[in-house]
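Q: The working numbering applies: residue -12 is where the sequence shown begins, and numbers increase by one.
So that we are looking at the same thing, I have put the structure below in structure tokens.
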Amino acid sequence: MHSRLLSAPSHASAASSSPLPFAAAHPCRASWTPRPTSPPPPLSLLRATASMHPSPPPEGHSDQPVHGVTNTVVGVLGGGQLGKMLCQAASQMGVRMAILDPLEDCPASSVCHEHVVGSFNDGATVSEFAKRCGVLTVEIEHVDAVTLEKLEKQGIDCEPKASTIMIIQDKYRQKTHFSKFGIPLPDFVEVDTLSSIEKAGEMFGYPLMVKSKRLAYDGRGNAVAHDKKELSSVVASLGGFEHGLYVERWTSFVKELSVIVARSRDGSTVCYPVVETIHKDNICHVVEAPAEVPDKIKKLATNVAEKAIKSLEGAGVFAVELFLTQDNQVLLNEVAPRPHNSGHHTIESCYTSQYEQHLRAILGLPLGDPSMKAPASIMYNILGEDEGEAGFTQAHQLIERALDISGASVHWYAKPEIRKQRKMGHITIVGPSKYSVKARLDKLLQRDAYDTKKVKPRAAIIMGSDSDLPVMKDAAVVLKKFNIPFELTIVSAHRTPERMYHYALSAKERGLEVIIAGMVASLTSVPVIGVPIMTSSLHGTDSLLSIVQMPKGIPVATVAIGNAENAGLLAVRMLASRDPELGDKATEYQHDLRDMWRPGEGVPTYEVKDVDETRRMSISTSIFNKEKVFLAGHEEEGPAQAQNLRDSLAEAKSDIVLHKNFADRGLATEAQAQMEQFE
């Protein structure tokens, strides 16, 4: 066994480094070095300093009090970026963390309580490390699971259990296990000879996915044979049959999904929102949360993920990667028994991050709320674009741009070396809508402006015929002004009833949040705003009544006859109720509108001509006290004159509603605004 213990850097040394990742020529890496003065003492001598077991309590005390969340030391096999973010969550909770990793400058080394330098695949090292921990967990599944099984028999608490790690380590065994529990999977079969893989090709067809059973991740250990002639070269590229291979039927998926599932010690589970993962060269590149799929697909994906994790043993956070097929099947691809790349976004976007959740689960604490606190989030992996300093420079430039983007958070893993396609960090962007976070990602990547034609609309404007367009276009103008993606189409209840039916039923699943049109309200739970259209016979009264007299249980908002502009503004306010950024724009619009009605500064004074034009007077009111009305030149008459003025203004206002000529009444528009203040 070869291992030694390092302490975390002191606060002084940490403070001496720049707080910004781009202060130097490239994002700063771990700068501290262990004290080299003398060889570290044996682990057996250092064990007591990190033991989760408290010292014997003083006489007269039955138990040592718990300081903070727990006195338990959490041991982690592996000190990569997942271990680093696990330690960061632990630091916030006051949980002590010890890591075992062979690299002195591994990412987690700068943030853990203790770092034992040693291999997590060496049985003796793992056994000795486990003695200093109250609970042992993993940030990578490629560990010595046989030793973990032995440690469990000796009473060491390992979460998740060694049996789970063993199942996950061998992907063929993993598939076999889940198939026994009725989990939907792509068809698969083990192959160990050229004839067996040729037979699999005949059975599944081509292209054929060939996979290594073990040590396969981030696209490594997978290869595609496009025809029978390529089988030999594909097998050779994966190390031969002796390496352990199996094949899967090619899955034509439309999206790759992922669900993070947390399982507590008592077996209860909570699931994070379904996300979509977008891969580049078989490596996770972007994660979008939540996934833009119908609710029934989200429910199906969550059910598959939860069922899979309940078939395993042990507590912790698990990632379930899934395929969504063209015929709306959800198939399990693989499972990770640890925090996962697809859950990085939870640090900023969810009430409980996957890292805090993992600690809660393995320590027996109550599971936290996995729901999103931000409406939308997108995670972008910082992958090595080049080797050496050139790669660091490119990463630094990306980080600089990210720091100038609203809602963006940078995570730099501080790996000492950069290689092409190596995960060096990630950037999470949270925002009020999927449209906004995608637009910000485009800005980060210096791509062309986000193509609104490819964005799923948040609102819909639907008309019974094209003759409604001169009226309904005003709603479109408003939505466009507020940068709300929308669709405008014709759906007739009389000419195309089937299309109207399917359009309304699919509205929510397609992501629509509000519809401007009244005829679909009975077929969707999406809020509907009706716009009465002016008609030649009854001047739109018939249209208005058809909207406001909808039966109970089918609510429809409405506006004045022909006032599609207000319908657009009402749609904006509905969307703004869960979109702070849009809410700010709506408030600014309202303020601008108020300024148009109130020219000048201070308390406004308006000249008002009475309806019968028998007198003129000026009125002055305080915008802070609407009850005080002073009539210039008529102060002694007071309340009576004020009431007369109110009556006159009310009559004029009624005329406006009835579409009479306001200007002929001789009442200034400011007087109408004043009347609204009196009311």
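The beta-carbon is built from N, C-alpha and C at its ideal position, and this holds for glycine as well.
All values reported here derive from a predicted model rather than from experimental measurement.
Is residue 145 helix, strand or coil by DSSP?
A: Along the sequence shown, read from residue 1 onward, the residue named residue 145 stands at position 158. It is a strand residue.
Q: In terms of DSSP beta bridges, what is residue 74 paired with?
A: Within the sequence shown, numbered from 1, the residue matching residue 74 stands at position 87. According to DSSP, residue 74 bridges with nothing at all.
Q: Looking at C-beta atoms only, is the number of pairs between the segment 524 to 541 and the segment 373 to 391 that lie closer than 8 Å three or more?
A: As far as the Cβ criterion goes, the segment 524 to 541 does not touch the segment 373 to 391, which means the pair count is below three.
Q: Distance, Cα to Cα, residue 281 vs residue 107?
A: For the purposes of this step, residue 281 is identified with residue 294 of the sequence shown, where counting begins at 1. For the purposes of this step, residue 107 is identified with residue 120 of the sequence shown, where counting begins at 1. Each residue's Cα considered, the two are about 42 Å apart.
Q: Using the Cα positions of residue 78 and residue 214, report the straight-line distance between them to the nearest angstrom.
A: Within the sequence shown, numbered from 1, the residue matching residue 78 stands at position 91. Within the sequence shown, numbered from 1, the residue matching residue 214 stands at position 227. If I take the Cα positions, the gap works out to 53 Å.
Q: If residue 520 and residue 540 are in contact, beta carbons under 8 Å, what's the gap, nearest whole angstrom?
A: If you number the sequence shown from 1, residue 520 lands on position 533. If you number the sequence shown from 1, residue 540 lands on position 553. Not quite, the Cβ-Cβ distance comes to about 24 Å (not below 8 Å), so this is no contact.
Q: May I ask you to report which of helix, strand or coil DSSP gives residue 456?
A: Along the sequence shown, one-based indexing puts residue 456 at 469. Correct three-state label for residue 456: helix.
Q: Out of 490, 543 and 576, which one is the CA nearest neighbour of residue 559?
A: Working through the sequence shown from its first residue, we reach residue 559 at position 572. Among 490, 543 and 576, the Cα nearest to that of residue 559 belongs to 576.
Q: Which of the three DSSP states, helix, strand or coil, is assigned to residue 85?
A: On the sequence shown, position 98 is the one that residue 85 refers to. Of the three classes helix, strand and coil, the one that applies to residue 85 here is strand, per DSSP.
Q: Please state if the CB of residue 72 and the CB of residue 342 are separated by a distance shorter than 8 Å.
A: To locate residue 342, count along the sequence shown from 1; it is residue 355. To locate residue 72, count along the sequence shown from 1; it is residue 85. Contact flag set, yes.
Q: Alpha carbon to alpha carbon, what distance is there between residue 245 and residue 257?
A: Translated into positions along the sequence shown, residue 257 becomes position 270. Translated into positions along the sequence shown, residue 245 becomes position 258. Straight-line Cα distance between these residues: approximately 14 Å.
Q: Considering only the beta carbon of each residue, do residue 305 and residue 322 sit closer than 8 Å?
A: Here the question's residue 305 lines up with position 318 in the sequence shown. Here the question's residue 322 lines up with position 335 in the sequence shown. Taking 8 Å as the Cβ cut-off, residue 305 and residue 322 qualify as a contacting pair.
Q: By Cβ distance, which residues of its chain are closer than 6 Å to residue 508, with the 5 residues on each side in sequence left out?
A: Within the sequence shown, residue 508 is the residue found at index 521, counting from 1. Closer than 6 Å at the Cβ level, and outside the excluded window around residue 508, lie 515, 541 and 543.
Q: Cα separation between residue 242 and residue 236?
A: The sequence position of residue 242 within the sequence shown is 255, counting from 1. The sequence position of residue 236 within the sequence shown is 249, counting from 1. Approximately 17 Å between the Cα atoms of the pair.
Q: Determine the direct distance from the alpha carbon of residue 144 to that of residue 231, and round the result to whole angstroms.
A: The sequence position of residue 231 within the sequence shown is 244, counting from 1. The sequence position of residue 144 within the sequence shown is 157, counting from 1. Computed Cα separation, rounded: 31 Å.
Q: Once DSSP output is grouped into helix, strand and coil, what is the label at residue 531?
A: Along the sequence shown, read from residue 1 onward, the residue named residue 531 stands at position 544. Residue state, collapsed to three classes: helix.
Q: Spatial neighbours of residue 378 within its chain, please: C-beta separation below 7 Å, excluding the five flanking residues on both sides.
A: Sequence index remark: in the sequence shown, residue 378 carries index 391 (1-based). Excluding sequence neighbours, residue 378 sits near 371, 372 and 405.
Q: For residue 433, count neighbouring C-beta atoms within 10 Å of its own C-beta (all shown protein chains included) and say buried if the count is 16 or more, exposed if not.
A: Here residue 433 refers to the residue found at position 446 when the sequence shown is read from its first residue. Result: exposed.
Q: Throw me the rounded Cβ distance for the residue 99 and residue 85 pair, which I believe falls under 8 Å.
A: By 1-based counting over the sequence shown, the position of residue 99 is 112. By 1-based counting over the sequence shown, the position of residue 85 is 98. At roughly 7 Å, the Cβ-Cβ gap stays under 8 Å, so residue 99 and residue 85 are in contact.
Q: Using a Cβ-Cβ cutoff of less than 7 Å, which residues in the same chain neighbour residue 10 once the five nearest sequence positions on both sides are dropped?
A: Start at 1 with the first residue of the sequence shown, and residue 10 comes out as number 23. With a pLDDT of 37 at residue 10, under the threshold of 50, the predicted position of this residue should be treated as unreliable, though the coordinate-derived value follows. No residues qualify anywhere along the chain.
Q: So does the segment 149 to 165 actually touch the segment 186 to 203, counting three or more Cβ pairs closer than 8 Å?
A: Enough Cβ pairs lie closer than 8 Å, so yes.
Q: Can you tell me whether DSSP reads residue 516 as helix, strand or coil?
A: Here residue 516 corresponds to residue number 529 of the sequence shown, with the count starting at 1. In the structure shown, residue 516 sits in a strand (DSSP, three-state: E or B).
Q: Leaving out the 5 sequence neighbours to the left and right, which residues in its chain are closer than 7 Å to residue 287 when beta-carbon positions are compared?
A: One-based indexing of the sequence shown puts residue 287 at position 300. Contacts found: 317.
Q: Assuming residue 362 and residue 420 form a contact by the criterion Cβ under 8 Å, report the distance between their Cβ atoms to the nearest whole angstrom.
A: The sequence position of residue 362 within the sequence shown is 375, counting from 1. The sequence position of residue 420 within the sequence shown is 433, counting from 1. Correct: roughly 6 Å between the Cβ atoms.
Q: Does the contact criterion of 3 or more C-beta pairs under 8 Å hold for the segment 180 to 195 versus the segment 207 to 221?
A: The answer is yes - the segment 207 to 221 touches the segment 180 to 195, with three or more Cβ pairs under 8 Å.
Q: Closer than 7 Å by C-beta to residue 486: which residues in its own chain qualify, once you throw out the five before and the five after it? Chain order, please.
A: If you number the sequence shown from 1, residue 486 lands on position 499. For residue 486, where only same-chain residues beyond five positions count, the Cβ hits under 7 Å are 478.
Q: Could you give the residue range of the alpha helix (DSSP H) that holds residue 553?
A: Here residue 553 refers to the residue found at position 566 of the sequence shown. Residue 553 -> alpha helix (DSSP H) spans 551 to 563.
Q: Could I get the ranges of all uninterrupted alpha helix (DSSP H) runs contained in the segment 309 to 353, with 4 residues as the minimum, in chain order?
A: 333 to 336 and 341 to 350, all fully within the segment 309 to 353.
Q: Can you list, in chain order, the residues of its chain with a C-beta nearer than 6 Å to that of residue 26? Leave out the 5 residues immediately preceding and following it.
A: In the sequence shown, the residue the question calls residue 26 occupies position 39. The pLDDT assigned to residue 26 is 45, lower than 50, so where the model puts this residue is not dependable; a value taken from the coordinates is nonetheless given after this. Nothing meets the Cβ criterion.
Q: Comparing C-alpha positions only, which one of 460, 154, 418 and 429 sits nearest to residue 570?
A: Along the sequence shown, one-based indexing puts residue 570 at 583. Closest by alpha carbon: 418.
Q: By Cβ distance below 7 Å, which residues in the same chain neighbour residue 512 in space, the five residues on each side in sequence not counted?
A: As a working mapping, residue 512 is identified with position 525 in the sequence shown. Closer than 7 Å at Cβ, skipping near neighbours: 495.
Q: On a Cα-Cα basis, can you pick out the residue from 249, 300 and 186 that is closest to residue 218?
A: For the purposes of this step, residue 218 is taken as residue 231 along the sequence shown, with counting starting at 1. The shortest Cα separation from residue 218 among 249, 300 and 186 belongs to 186.
Q: Once the 5 residues before and after residue 312 are set aside, which same chain residues still bring their CB inside 8 Å of it?
A: Here residue 312 corresponds to residue number 325 of the sequence shown, with the count starting at 1. Correct list, in chain order: 238, 239, 240, 241 and 318.
Q: Just verifying my parser: in three-state terms, what is the DSSP assignment at residue 107?
A: Indexing the sequence shown from 1 puts residue 107 at position 120. The answer is coil: DSSP assigns residue 107 none of H, G, I, E or B.
Q: Just the C-alpha distance for residue 461 and residue 283, rounded to the nearest angstrom, thanks.
A: Position 474 of the sequence shown, counted from the start, is the residue given in the question as residue 461. Position 296 of the sequence shown, counted from the start, is the residue given in the question as residue 283. Computed Cα separation, rounded: 35 Å.
Q: Please go through the same chain and pick out, in chain order, the residues whose beta-carbon is closer than 6 Å to the beta-carbon of residue 259, but skip the five residues on each side of it.
A: Taking the sequence shown and counting its residues from 1, one reaches residue 259 at position 272. Cβ within range, chain order: 247 and 357.
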